[in-house]
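Worksheet: the structure to be examined is printed underneath.
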Ligand SMILES: Cc1cc2nc3c(=O)[nH]c(=O)nc-3n(C[C@H](O)[C@H](O)[C@H](O)COP(=O)(O)O)c2cc1C
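In our numbering, the protein residues as written are 21 to 200.
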């Protein structure tokens, strides 16, 4: 599959089969995340890889997503805003740690899809409790909880048909000119 087809076919997956995922695949997914573009070249985000069942059960509860504990691996992606804030002081750079982590997460999702794996990006999470569970220092902000595994089912929540047509999103030369 070429990259466009991987992007088009990727879907959020919340339930996973018991089929094992090789550790090398997870390492490669993390490396794909490591290689994402980052503001100022400052890759301040870090990962915690979780495979122990009791921890996955707890994480699943803490992000109110019941079946993600079926994934063989859950990757936590977190950023350290203080590192970027020390490098950039303008107001509009305050969100760069979010952008950096988001690009890293997208690389994980796409690499997983390319490997025939399912994944999800879960951002709604009880930060403090997950940090406590995984001994993550307080200065970090969790940007994503990413279960990865072979899909059991694909969610049907936001079908791609509900995404606005490209011409609705695109302006040519000036905002007044919608693409036809
Ligand atoms: C920034 C971001 C945050 C998300 N947070 C959650 C979440 O907290 N819980 C959840 O169940 N899904 C979450 N999702 C998954 C989206 O709901 C899902 O991507 C969307 O329904 C589109 O489906 P698709 O990924 O299959 O295209 C999140 C996705 C993104 C990009």
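Cβ atoms here follow ideal geometry from the backbone N, Cα and C, with glycine treated the same way.
Keep in mind the model is a prediction, meaning the values are calculated, not measured.
For residue i, the three-state DSSP class (helix, strand or coil)
i	result
residue 117	helix
residue 131	helix
residue 92	coil
residue 159	coil
residue 154	helix
residue 137	coil
residue 84	coil
residue 171	strand
residue 166	strand
residue 183	coil
residue 126	helix
residue 193	coil
Where the beta strand (DSSP E) containing residue i begins and where it ends
i	result
residue 24	Residue 24 -> not in any beta strand (DSSP E); alpha helix (DSSP H) instead, spanning 23 to 29.
residue 64	From DSSP, residue 64 is part of no beta strand (DSSP E); its letter is neither H nor E.
Run of the alpha helix (DSSP H) containing residue i, from where it starts to where it stops
i	result
residue 37	Premise fails: residue 37 is in no alpha helix (DSSP H) and is neither H nor E.
residue 44	43 to 54
residue 188	186 to 189
residue 101	101 to 107
Three Cβ pairs or more, each shorter than 8 Å: is that satisfied between the region 46 to 55 and the region 107 to 120?
no
Counting Cβ pairs, one atom from each stretch, are 3 or more of them under 8 Å apart for the region 82 to 91 and the region 142 to 155?
yes
If you pair each beta-carbon of the region 62 to 69 with each one of the region 129 to 141, do three or more pairs fall below 8 Å?
no
How about the region 191 to 199 and the region 122 to 130: do they share at least three Cβ pairs that are nearer than 8 Å?
no
Just checking, does the region 86 to 95 make contact with the region 157 to 173 on the three C-beta pairs under 8 Å criterion?
yes
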